[in-house]
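Chains as they are written, first to last, in this note's numbering: chain A, 14 to 121; chain Y, 930 to 1044.
Shown next, in the form of structure tokens:
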């Protein structure tokens, strides 16, 4: 069945440094979603990518969907303490599979 | 306010004592799902429902049951809980997840401890 792998599992950065998390699927996806979960909170939808090679930006966050629609990335420029949390990708085809998440901590 | 509610938020129980975690959404969503979240394993889907009276197994359905008699409710039932079901549980809903998918709205979570 469809599997979604996400790396790294943890990332600790100094405030102001960049951060990237990667998501890879074993099968071609129809779309991919990204969620953020703050410590103690629940996952909250960030964005969805549908088209091959699509790039979307939300302020300091840049999301990419690979040409083959099997991988995706989330890049945060100049991290802030408010970026702390776990970032999940979720690949969709006939159903949805979540990656294990990347937990980001930011040192002020 | 559009939301997904879960009850209880916290539960400590003993092995073998049947329990139900309720989930309700007020957005008229067709799709509802249950996930468990464990450290290092992310969100794993337990069961999902595409619509009323339609339920399907996710990745980790063993030891769980669900029902979807009404569109807004999707309870998770543990007939005989065991310690390996100690976890953080999330209910989620969306208009649908097959292409084109819609975002999932998550409930606040239920932290279950089985001793």
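We put the CB at the ideal spot given by N, CA and C, even for glycine.
- For residue 73 (chain A), the closest alpha carbon among the candidates A:63, A:81 and A:32 is that of A:32.
- As DSSP reads the structure, residue 971 (chain Y) sits in a beta bridge with Y:967.
- Under the 10 Å beta carbon count, residue 993 (chain Y) is surrounded by 16 or more other beta carbons and is classified as buried.
- Measuring C-alpha to C-alpha distances from residue 1038 (chain Y) to each of A:35, A:52 and A:25 identifies A:52 as the nearest.
- Proximity of chain A to residue 1037 (chain Y) at the Cβ level (cut-off 9 angstroms) is accounted for by 54 and 55, in chain order.
- If you check each beta-carbon in the segment 967–993 of chain Y against every beta-carbon of chain A, the ones closer than 9 angstroms belong to 969, 970, 971, 972, 973, 974, 977, 985, 987 and 988.
- When A:84, A:95 and A:99 are compared, the shortest CA-CA separation from residue 67 (chain A) is found for A:84.
- When the five nearest sequence neighbours on each side are left out, the beta carbons in the same chain lying within less than 7 angstroms of the beta carbon of residue 983 (chain Y) are those of 997, in order along the chain.
- Non-local C-beta neighbours of residue 113 (chain A) in its own chain, meaning closer than 7 angstroms and more than five positions away in sequence, comprise 19 and 22, ordered along the chain.
- Setting aside the 5 residues that flank it on each side, residue 1044 (chain Y) is surrounded in the same chain by 943, each with a C-beta closer than 6 angstroms to its C-beta; the list follows chain order.
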